[in-house]
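Structure first, commentary second.
Protein chains: 2
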Amino acid sequence: MSEADRRVYIAGPEVFLPDATELLATKKSICGEAGLVGVSPFDNEVSGMDGAEATAFAIYRGNLASMSGCSFAIANITPFRGVSIDPGTAFEVGYMCALGRPVFAYSAEPLEYAARTRRAASSEPLVVRDTAGDIAVEDFGLADNLMIACGVEEGGGRTFVADEPPADRWRDLSLFRACVAEIAAMRARGGD
Amino acid sequence: MSEADRRVYIAGPEVFLPDATELLATKKSICGEAGLVGVSPFDNEVSGMDGAEATAFAIYRGNLASMSGCSFAIANITPFRGVSIDPGTAFEVGYMCALGRPVFAYSAEPLEYAARTRRAASSEPLVVRDTAGDIAVEDFGLADNLMIACGVEEGGGRTFVADEPPADRWRDLSLFRACVAEIAAMRARGGD
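As they're listed, the protein sequences go chains A and B. Numbering of the first sequence is given in the numbering used here, commencing with residue 20 and proceeding in unit increments. Numbering of the second sequence is given in the numbering used here, commencing with residue 20 and proceeding in unit increments.
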């Protein structure tokens, strides 16, 4: 089999841990012991970029290139800063699924989604163990994890963020209208 | 332009709201006013499935088919049950990016990711406004949002969940090793 057939993309929020470099090296070693080649988001050189946005896009493009070159992914879907998977990892699961590459996943949380979400709701406010402490907070001035924000921009889309919280967070449709108007304008320009 | 060129996939966690049907109908109307066709996750018929897992996969496959048939997506990335985007929506952003379809996004949360995450950490425990109340909790007995869990299975992968929480949630690698072993076994079978 070719080199690409052995490549496994390592997805997960451990890139934000203070010892991420060592942890990813260990994961690559574990892959190597099984005859596989672990590919880490840290393998891409993104230093020397001019500003946060350029850095975010360099990381995004690097991760996409890495995924494209891998035949598999292993995703750490352990809940991160909430009741669910890290959103960058969720993006990557979706991306690899679209490419038809098998994704293997694991979670350190034994409670299934519904159970832990109900528990969180009943113990209101929800205690998110992983928010505090020494886990890095990605700070590119973006609306969410860079894989989401950059994916939107890179594909020709745009992210609209409220100037102030709407009265009804889930039912205010002014920003949805803005998206629709952008798409209509793009189509009118023949830009799609 | 063809019908497909006008189709917009509507992604977001409002499918869990008690008035989701009405809200999605309104979103489709807004698309229609702009000459676009809004496609909702609720457009797929998934009734009559035998059991939670079959229902989850039917929804997953329906959403993938809907996305494949759309030229655009509009994603509601407002933080949901944590500091980030709903993971099903994140999966869909990644999926559409892989297909090369422009994604437009909006968020009702004015604070950018780093700022709101630091605020959440400093006010520990994090108050997740959207966990409680009348927003439905997806309950298919899965490890996370069905788009993640089903994406893994459907692509030939597998999800490993801890029997009990490991001592170090982010550094225990036993489940990662299980994923690696599965990939090695799959390759040995020539199953990739």
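Idealized CB from N, CA, C, for every residue including glycine. All values derive from a computational prediction rather than experimental measurement.
Subject >> Reduced DSSP category for A/Gly57 - H, G, I as helix; E, B as strand; rest coil >> reply: Locating residue 57 of chain A in the first sequence gives position 38, where the first residue counts as 1. A/Gly57: strand per DSSP, three-state reduction.
Original post:
How big is the Cα-Cα spacing for A/Val58 and B/Phe76?
Top reply: Counted from its first residue, the first sequence places residue 58 of chain A at position 39. Counted from its first residue, the second sequence places residue 76 of chain B at position 57. Taking the straight line joining both Cα atoms gives about 29 Å.
**OP:** In the DSSP assignment, find the unbroken beta strand (DSSP E) run with A/Ile104 in it and report its ends.
**Re:** Taking the first residue of the first sequence as 1, we reach residue 104 of chain A at position 85. From DSSP, A/Ile104 is part of no beta strand (DSSP E); its letter is neither H nor E.
Subject >> beta strand (DSSP E) runs contained entirely in the segment 153-181 of chain A, provided each spans 3 or more residues >> reply: Runs found: 178-180.
Subject >> Buried or exposed by the 16-neighbour rule on C-beta atoms within 10 Å, applied to B/Ser193 >> reply: To locate residue 193 of chain B, count along the second sequence from 1; it is residue 174. Exposed: under 16 other Cβ atoms inside 10 Å.
Original post:
Below 8 Å, can you find three or more Cβ-Cβ pairs linking the segment 37-55 of chain A to the segment 66-76 of chain A?
Top reply: Touching, no.
Original post:
Under a Cβ-count criterion, where at least 16 other Cβ atoms within 10 Å of its own Cβ denotes burial, should A/Ala204 be classed as buried or exposed?
Top reply: What you label residue 204 of chain A is simply residue 185 of the first sequence in a count that begins at 1. Exposed, since its Cβ has fewer than 16 Cβ neighbours within 10 Å.
**OP:** Find the residues of chain B that neighbour A/Ser85, judging by a C-beta separation of less than 8 Å, and give them in chain order.
**Re:** Your numbering for residue 85 of chain A matches position 66 in the first sequence. The premise fails here: A/Ser85 is roughly 13 Å from chain B at the closest Cβ pair, so nothing lies under 8 Å.
Subject >> Contacts of A/Leu43 in chain B (Cβ-Cβ under 7 Å) >> reply: Within the first sequence, numbered from 1, the residue matching residue 43 of chain A stands at position 24. Those within 7 Å of A/Leu43 in chain B number zero; the least Cβ separation is about 11 Å.
**OP:** Taking 8 Å as the cut-off, decide whether the C-beta atoms of A/Thr74 and A/Asn95 are in contact.
**Re:** Numbered from 1 along the first sequence, position 55 holds the residue referred to as residue 74 of chain A. Numbered from 1 along the first sequence, position 76 holds the residue referred to as residue 95 of chain A. Cβ atoms of A/Thr74 and A/Asn95: not closer than 8 Å.
Original post:
What residue from B/Arg120, B/Gly175, B/Ala155, B/Pro106 has the CA that sits closest to A/Arg120's CA?
Top reply: For this step, residue 120 of chain A is matched to residue 101 along the first sequence. Closest by alpha carbon: B/Gly175.
Original post:
Between the segment 178-195 of chain A and the segment 99-117 of chain A, are three or more C-beta pairs nearer than 8 Å?
Top reply: Counting Cβ pairs under 8 Å, fewer than three are found: no touch.
Original post:
According to DSSP, what are the bridge partners of B/Asn82?
Top reply: Along the second sequence, one-based indexing puts residue 82 of chain B at 63. BP columns for B/Asn82 are empty, so no partner.
Subject >> Nearest-angstrom beta carbon gap, B/Ala124 and A/Asp158 [assumed within contact, 8 Å] >> reply: Taking the first sequence and counting its residues from 1, the one referred to as residue 158 of chain A is at position 139. Taking the second sequence and counting its residues from 1, the one referred to as residue 124 of chain B is at position 105. The pair is not a contact, with the Cβ atoms about 19 Å apart (cut-off 8 Å).
Original post:
Under three-state DSSP, which class holds B/Val27?
Top reply: Locating residue 27 of chain B in the second sequence gives position 8, where the first residue counts as 1. B/Val27: strand per DSSP, three-state reduction.
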